[in-house]
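Notes to accompany the following structure.
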Amino acid sequence: MGLPVAIIGSGNIGTDLMYKLGRSDQLDLVALIGIDPESDGLARARALGYEAPANGIDWVSENPNAVKLVFDATSAYVHVRHAKVLAELGITAVDLTPAARGPKVIPPVNLMEHLDAPNVNMVTCGGQATTPMVAAVSRVTRVPYAEMVSTVSSKSAGPGTRQNIDEFTRTTSKALEEIGGAEIGKAIIILNPAEPPILMRNTVFCALPEGTDHDAVRESVISMVADVAKYVPGYRLKQEPVIEEGPFNTPGGVVPHRVVVLLEVEGAGDYLPTYAGNLDIMTAAAVRVGEAIATHQEVSA
Amino acid sequence: MTAVATEAPARDFRLIDSTLRDGSHAISHQYEVSQVEAIVRGLDAAGVQVIEVAHGDGLGGSSFNYGFSKVNELELIEAAVNATTNAQIACLLVPGIGTVDDLRRVRDLGVGVARIAVHCTEADITEQHIKIAHDLGMEAVGFLMMSHMNTPEGLLQQARLLESYGADTIYIADSAGAMTTNEVRARVAEIVGGINVPLGVHAHQNLQLAVANSIAAYEEGARNLDGTSAGLGAGAGNCPTEILAAVCEKNGINSGVNPLALMDVAEEITRPLMPRAQVVDRAGLLLGYAGVYGSFLLHAQKAAERYGVSQAEILLELGARKAVGGQEDMIIDVAVELARKHAAMEGTS
């Protein structure tokens with residue numbers, strides 16, 4: 001028996017997450033909870049034999065012992081309220097919104113530090129894709145400045161992202177610093193409307209100070225890509241990491257070189273089409289976090 | 302040189318000068334305070350009403366991806382505000398690159414016009430920025446980039462969204478310098494008839510049509526036109542304001558600016574700081590021909606040198622992949638891939 005869990009939010013993210021949780025040994029999905037009984041997500045949940053209530057967080061309050069962990073795929077605004085309810089019930093929250101009530105988690109970098117946190121935050125899609133690369137560089141050299149550029153297909157950027165695109169740049173740049181280990185981080189996001197839709201692309205630049213072992217940087221990046229690909233199978237290098245010669249006058253000082261890591265993320269195509277790697281990496285990372293918490297709770301129980 | 306007479310009749314359109322923003326691309330964002338002061342004084346004295354100052358890719362554009370500014374743009378903006386007497390200082394912000402925090406900072410420095418720039422199909426990401434620009438008391442301009450990639454009807458729909466968020470002025474930008482005069486006419490005519498705020502056009506020189514397209518836009522009802530001194534700008538350059546002013550005068554259109562004074566600025570201040578002549582060479586023409594974002598030009602040149610591939614090949618590939626403004630990182634991707642393909646072909650021959 002796995003840890004009983006529920007998902008709140010029956011939109012794209014919540015529904016995609018449902019399919020992924022269906023394959024998990026450590027997590028037992030009990031319910032996909034929505035607010036619109038007519039939603040496609042709830043219909044699919046019913047068809048798969050899950051509970052599919054349409055009374056939102058109230059279902060959790062009415063069934064306080066049904067689940068031990070809740071994935072919240074609603075919105076930042078709504079999660080603030082949910083976070084309080086879940087905390088009072090003693091239910092762990094994995095937050096896929098930008099609300100950031102709990103510590104930010106990037107699985108291959110800091111997951112083990114937050115297994116006991118009552119609420120963990122999944123940062124942003126771009127943060128999940130690029131923070132591990134910055135961390136890979138910062139574990140072999142000082143990174144005075146790091147920058148990520150995320151390009152996602154217009155079709156995969158929902159109204160939440162569109163109405164608050166600044167949230168993405170702020171949260172992601174902070175993650176590059178706090179979790180990636182860069183002294184200064186910057187994030188850029190671009191929407192591309194091309195048809196057929198493009199796969200999610202990410203480019204990570206890190207400033208490399210004098211004396212950096214470039215081979216060590218390349219190896220560390222390649223090994224971290226493999227770590228991410230373990231839970232996001234469509235995550236891959238578009239090219240081998242390249243080291244370019246400057247000098248570069250970065251906000252963290254002048255450096256002689258930079259490493260450029262070019263990545264693409266192809267989604268698993270569970271509910272969302274494969275081009276939506278940006279949404280897939282969020283749901284895949286959330287499952288990874290949920291599974292680690294389940295294993296941890298089993299061990300400590 | 303004569304100053305603009307104060308009793309001059311009302312202007313027929315508003316000229317927005319972008320030498321200190323779009324022009325920044327052409328000098329790889331290396332503006333210094335003294336250059337900004339000299340250009341602002343010259344433009345202001347020539348009667349230019351609005352002068353845009355920022356990193357070429359807008360506020361917050363200083364980066365690995367777009368090139369680091371030599372001097373922080375806030376310092377340059379402050380210098381511009383202090384150097385101007387009549388002209389308003391404007392800035393440009395691309396949501397996804399800069400944030401509303403940047404708008405607040407420049408408002409505090411005295412910037413009066415905020416141009417919120419977005420790819421021509423993605424207007425709905427600007428709502429927050431246009432509203433906040435308004436709340437801060439700035440004129441909010443919605444600026445649709447790469448307008449050749451959308452139809453007249455599609456652009457009108459996007460323009461209406463911008464208007465619904467509170468944009469005071471709407472712009473279409475031919476960021477790839479890819480539009481023929483007829484294409485500009487069709488777009489302007491369609492949009493002007495469907496919105497209740499003034500429309501502007503931002504032209505580029507890649508097909509050598511910037512001035513002609515600007516005049517055509519005016520004839521179809523555009524009442525804001527962009528340009529830069531000596532055409533300094535991304536790609537083969539922008540609409541050269543001194544030429545635009547001269548052509549307007551000959552056509553009996555009152556631009557409100559003094560062509561002779563602008564010629565002096567172009568010749569004596571702008572040209573001496575240009576690292577390369579602003580001409581339509583092969584790479585510049587290719588941008589317009591293949592519909593590629595003008596700012597890619599110098600980045601593609603650098604990547605071509607770095608990886609031993611052709612700049613033209615990179616630009617054509619970017620056009621084929623439908624890259625949009627801001628995707629400068631794709632240039633490295635394409636260059637590395639081309640270099641690898643060439644190496645593989647040599648290996649097999």
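Those protein sequence lines, which keep their order, are chains A and B. Oh and the first sequence: position 275 is 275 in the numbering used here, straight run, nothing missing. Position in the second sequence (from 1) plus 301 gives the number in the numbering used here. A virtual CB, placed ideally from N, CA and C, is assigned to each residue, including glycine. Since we're looking at a predicted model, the values are computed, not measured.
Does residue i get closer than 8 Å to chain A when you measure Cβ to Cβ?
i        : result
Asp469/B : no
Gln429/B : yes
Ile426/B : yes
Asp630/B : yes
Ser329/B : no
Ile378/B : no
Lys642/B : no
Ala645/B : no
Glu638/B : yes
Lys623/B : yes
Thr422/B : yes
Within this structure, are the beta carbons of residue i and residue j separated by less than 8 Å?
i        : j        : result
Ser556/B : Ala546/B : yes
Ile398/B : Gly361/B : yes
Pro4/A   : Ala93/A  : no
Phe205/A : Arg258/A : yes
Ala388/B : Leu344/B : yes
Gly348/B : His330/B : no
Val80/A  : Pro103/A : no
Ile281/A : Leu69/A  : no
Leu457/B : Ile492/B : yes
Leu500/B : Ile471/B : yes
Val217/A : Val137/A : yes
Ala54/A  : Gly11/A  : no
Ile317/B : Val351/B : yes
Ala76/A  : Thr97/A  : yes
Excluding the 5 residues preceding and the 5 following residue i in the sequence, name in chain order all residues of the same chain whose CB lies nearer than 6 Å to its CB.
i        : result
Ile57/A  : His82, Val85
Ala504/B : Asp475, Ala511, Asn514, Ser515, Cys540
Val485/B : Asn514, Ala517, Ala518
Glu266/A : Leu199, Gly234, Thr274, Gly277
Ala468/B : Ile431, Ala441, Gly443
Glu379/B : Leu410
Thr571/B : Ser530, Ala531, Leu533
Ala384/B : Glu338, Val341, Arg342
Tyr231/A : Ala284, Arg288
If I measure Cβ to Cβ from residue i and keep anything under 7 Å in the same chain, skipping five residues before and after, which residues do I get?
i        : result
Met446/B : Ala418, Val419, His420, Cys421, Ala474, Ser476, Gly626
Arg635/B : According to the sequence provided, residue 635/B is Val. The question's Arg does not apply to it. Excluding positions up to five away in sequence, the list reads Ile615, Glu618, Leu619.
Gln336/B : Leu574
Val228/A : Pro108, Pro132, Tyr235
Pro64/A  : Leu89
Leu191/A : Val152, Ser154, Ala157
Using the three-state DSSP reduction, which class does residue i fall into: helix, strand or coil?
i        : result
Ala360/A : Since the first residue of chain A shown is 1 and the last is 301, residue 360/A is not available in this structure.
Leu545/B : helix
Ser256/A : The sequence given here has Pro at residue 256/A, not Ser. Three-state DSSP puts Pro256/A in a strand.
Val485/B : helix
Gly585/B : helix
Gly494/B : coil
Val305/B : Caution applies to Val305/B, whose pLDDT of 49 falls short of 50 and renders its modelled position unreliable; the model cannot decide the point.
Leu392/B : Before going further, note that residue 392/B is Cys rather than Leu in the sequence given. Cys392/B: strand per DSSP, three-state reduction.
Arg101/A : coil
Val30/A  : strand
Could you check whether the Cβ of residue i sits closer than 8 Å to any Cβ belonging to chain B?
i        : result
Asn192/A : yes
Asn65/A  : no
Thr131/A : no
Thr171/A : no
Lys174/A : no
Ile35/A  : no
Lys20/A  : no
Ile184/A : no
Arg258/A : yes
Glu51/A  : no
Thr15/A  : no
Please work out which residues of its chain come closer than 8 Å, Cβ to Cβ, to residue i, disregarding the five sequence neighbours upstream and downstream, and give them in chain order.
i        : result
Met18/A  : Ile7, Leu29, Leu32, Gly41, Arg44, Ala45, Leu48, Tyr50, Tyr271
Ala296/B : This structure cannot speak to residue 296/B, because chain B is shown only from 302 to 650.
His376/B : Strictly speaking, residue 376/B in this sequence is Glu, with His absent from that position. Around Glu376/B: Val334.
Tyr332/B : Leu321, Ser325, Ser370, Lys371, Val372, Leu377
Original post:
Are there three or more Cβ pairs, one per stretch, closer than 8 Å when the region 398 to 407 of chain B is compared with the region 198 to 207 of chain A?
Top reply: no
Subject >> the region 520 to 533 of chain B contacting the region 323 to 334 of chain B, beta-carbon criterion three pairs below 8 Å >> reply: yes
Original post:
Are the region 133 to 147 of chain A and the region 184 to 197 of chain A in contact at 8 Å, needing three or more beta carbon pairs?
Top reply: Enough Cβ pairs lie closer than 8 Å, so yes.
Original post:
Should the region 205 to 222 of chain A be regarded as contacting the region 244 to 256 of chain A, the criterion being three or more beta carbon pairs within less than 8 Å?
Top reply: yes
Subject >> Near-chain D residues of the region 135 to 147 of chain A - C-beta to any C-beta below 7 Å >> reply: Included in the structure are the protein chains A and B, with no chain D among them.
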